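See below for the structure under consideration.
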Amino acid sequence: MGNLSYFLGFEVARSSTGIHLSQRKYALDLLRETGMIAAAPISTPMNFSTKVSYEGQPLEDPTVFRRLIGRLIYLTNTRPDITCVVHCLSQYVASPTQAHHQAAFRILHYIKNTPGQGIFLSATSSLTLKAYSDSD
């Protein structure tokens with residue numbers, strides 16, 4: 447069978463120091479499908495001086511925004527750097543506006559800057575994973 451290298455859109459790179467998880471292929475596919483593969487990269491996922499609200503010009507077809515937010519939510523599995531912004535925008539999937547759509551595309555510009563960024567699980571970490579379950 448061999449070592450795990452790819453699973454459900456996750457790229458797994460194992461070394462003696464730990465495991466690196468990323469979704470580089472998924473991120474690049476997302477950029478390609480949205481026409482953002484040649485977009486100019488930027489260094490932040492959101493312009494924090496921008497106020498996001500329910501006011502503004504509603505999108506004619508909100509399904510495009512909803513699909514994009516869904517794909518970005520899946521990408522947050524290995525991209526904690528975009529989690530806050532994506533979940534902030536996900537509050538508006540019921541009635542998205544042009545401003546929300548532009549903010550989502552700004553995240554794509556940011557992803558273009560670092561498509562292979564992911565999370566690293568150190569082999570020498572003293573972190574202990576505990577899980578609890580309630581059957582009720």
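The sequence shown begins at 447 in the working numbering and counts up by one.
A virtual CB, placed ideally from N, CA and C, is assigned to each residue, including glycine.
All of these numbers come straight from a predicted model, not from anything done at the bench.
Alpha carbon to alpha carbon, what distance is there between A577 and M482?
39 Å
For L477 and L554, what's the separation of their Cα atoms in angstroms?
7 Å
If we ignore side chains and look at the alpha-carbon of each, how far apart do H466 and L514 end up?
25 Å
What whole-angstrom Cβ distance do A550 and L518 have, given they're in contact under 8 Å?
7 Å
Checking the sheet assignment: what are the DSSP bridge partners for I565?
L467.
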